[in-house]
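Worksheet for the structure shown next.
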Amino acid sequence: MKHPKDDFITYMAAVTDRLQSQERLGTAHVYRSTLNRINEFMEGKHLPFEDITPSWLQTFQNHLLKQMLNWNTVSTYMRMLRAVYYRAVDEGLAPFRPRLFKGVYTGTRVTVKRALDEQALRQLEKPRPLPDRLERTRLLFMLLFMLRGIPFVDIAYMRRCDLNGDILTYRRRKTGAWLTVRIEPAAMELIEKLKSHNPDSPYLFPFIKSTGEEGYREYCNALRRFNYQLRRLASQMTNDVKLSSYSARHSWATLANYCNFQPELISNAMGHSSVKVTETYFKRHTDDRINEMNRSILAYLFI
Numbered sequence: 406m407k408h409p410k411d412d413f414i415t416y417m418a419a420v421t422d423r424l425q426s427q428e429r430l431g432t433a434h435v436y437r438s439t440l441n442r443i444n445e446f447m448e449g450k451h452l453p454f455e456d457i458t459p460s461w462l463q464t465f466q467n468h469l470l471k472q473m474l475n476w477n478t479v480s481t482y483m484r485m486l487r488a489v490y491y492r493a494v495d496e497g498l499a500p501f502r503p504r505l506f507k508g509v510y511t512g513t514r515v516t517v518k519r520a521l522d523e524q525a526l527r528q529l530e531k532p533r534p535l536p537d538r539l540e541r542t543r544l545l546f547m548l549l550f551m552l553r554g555i556p557f558v559d560i561a562y563m564r565r566c567d568l569n570g571d572i573l574t575y576r577r578r579k580t581g582a583w584l585t586v587r588i589e590p591a592a593m594e595l596i597e598k599l600k601s602h603n604p605d606s607p608y609l610f611p612f613i614k615s616t617g618e619e620g621y622r623e624y625c626n627a628l629r630r631f632n633y634q635l636r637r638l639a640s641q642m643t644n645d646v647k648l649s650s651y652s653a654r655h656s657w658a659t660l661a662n663y664c665n666f667q668p669e670l671i672s673n674a675m676g677h678s679s680v681k682v683t684e685t686y687f688k689r690h691t692d693d694r695i696n697e698m699n700r701s702i703l704a705y706l707f708i
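The sequence shown: position 153 = 558 (the numbering used here), numbered continuously.
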């Protein structure tokens, strides 16, 4: 039998525990879910690093698909597996195999329209009579949009010291990337309305009161409440829209793309690791817009 240090499952469990101790609880949760799927597939047996081959990965992917998981969920598990495997490669524990994950799906398919059009965004921005909870939900959604589509998790964990005058500097919870955002006056008004009034809290907003696992539970509960209130808010809008905590981020990226800003610039603004990630947020341009582009190109050349 292989020594545990040569076993991928043992190694991934150690990595997950390390993330837990570092209070990277969201990432640890996804890693643990992936580990549970691998354990289920392996039926409690060890998994030596050298056994992770393109053939094994294909078989594991087929196993996940037979569980009726959608492609985005399969991709999440594969990307987590890949991240841990290459971490082991960096530590000299696993053999480096070029294109090891080439044959399995690690992309992202946008299966639901998450970006709002300009009409829906203008309707949300315009004040109107709403119950207090829905009004705060509307304000929070607009704040997420105005802060370059900032994810809810980064707002929830935002510290008071991250805001200095009209400059917000924070580290993304998901990627660790540092971002600096100049707060526009309209966004600053929303911050003043939504910020925590507890002077003893280190957090800028009132979604989290604790640290560690209890703080993570508070964040999860706050996210669930926010999405629930967004669904209620969407039901009161005149046009048929779907609202979720992701909608502000997708809408900001899509609108920036429609305004012809460079994908690299949008990617940097959102703190993405690559332009490829950013492009998954973009929706297809309409035929009219594509025809308009072609007309402009021909006019530039020949008229």
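Positions of the beta carbon are idealized from the N, C-alpha and C atoms, including for glycine.
From Lys531, Phe501, Gln466, residue whose alpha carbon lies closest to that of Thr481: Locating residue 481 in the sequence shown gives position 76, where the first residue counts as 1. The candidate whose alpha carbon is nearest that of Thr481 is Gln466.
For a quick check, are the C-beta atoms of Ala525 and Val646 less than 8 Å apart? Counted from its first residue, the sequence shown places residue 525 at position 120. Counted from its first residue, the sequence shown places residue 646 at position 241. Yes, the Cβ-Cβ distance between Ala525 and Val646 is below 8 Å.
From the DSSP output, which residues share a beta bridge with Ile572? Stepping through the sequence shown from its first residue, residue 572 is reached at position 167. Asn569, Arg587, per the DSSP bridge assignment.
Would you identify the three-state DSSP class for Tyr608, choosing helix, strand or coil? Position 203 of the sequence shown, counted from the first residue, corresponds to residue 608. Three-state result, Tyr608: strand.
I'd like to know whether the C-beta atoms of Ala653 and Leu544 end up nearer to each other than 8 Å. Taking the sequence shown and counting its residues from 1, one reaches residue 653 at position 248. Taking the sequence shown and counting its residues from 1, one reaches residue 544 at position 139. No, the pair does not count as a contact, with Cβ atoms beyond the cut-off.
Pull up the distance between the alpha-carbon of Phe631 and that of Val680, whole angstroms please. On the sequence shown, position 226 is the one that residue 631 refers to. On the sequence shown, position 275 is the one that residue 680 refers to. The straight-line gap from Cα to Cα measures roughly 29 Å.
For the structure I just gave you, are there three or more beta carbon pairs, one from the segment 665–672 and one from the segment 583–595, closer than 8 Å? no
Can you tell which of Val586, Glu523, Thr574, Arg576 has its C-alpha closest to the C-alpha of Arg553? Here residue 553 is taken as the residue at index 148 of the sequence shown, counted from 1. Taking only the C-alpha atoms, the option nearest Arg553 is Val586.
Can you tell me which of the three DSSP states Asn699 falls into? Within the sequence shown, residue 699 is the residue found at index 294, counting from 1. Three-state DSSP puts Asn699 in a helix.
Same chain, Cβ closer than 8 Å to Glu623, five either side skipped, listed in chain order: Reading the sequence shown from its first residue, position 218 is the one you call residue 623. So the list reads Phe612, Ile613, Lys614, Ser615, once near-sequence residues are dropped.
Taking contact to mean 3 or more Cβ pairs, one atom from each stretch, closer than 8 Å, check whether the segment 432–452 and the segment 492–500 are in contact. no
How would you call Val517, buried or exposed, if buried means at least 16 neighbouring beta carbons within 10 angstroms? In the sequence shown, residue 517 corresponds to position 112, counting from 1. Summary for Val517: the model assigns pLDDT 49, below 50, so the residue's position carries little reliability, and this model does not support an answer.
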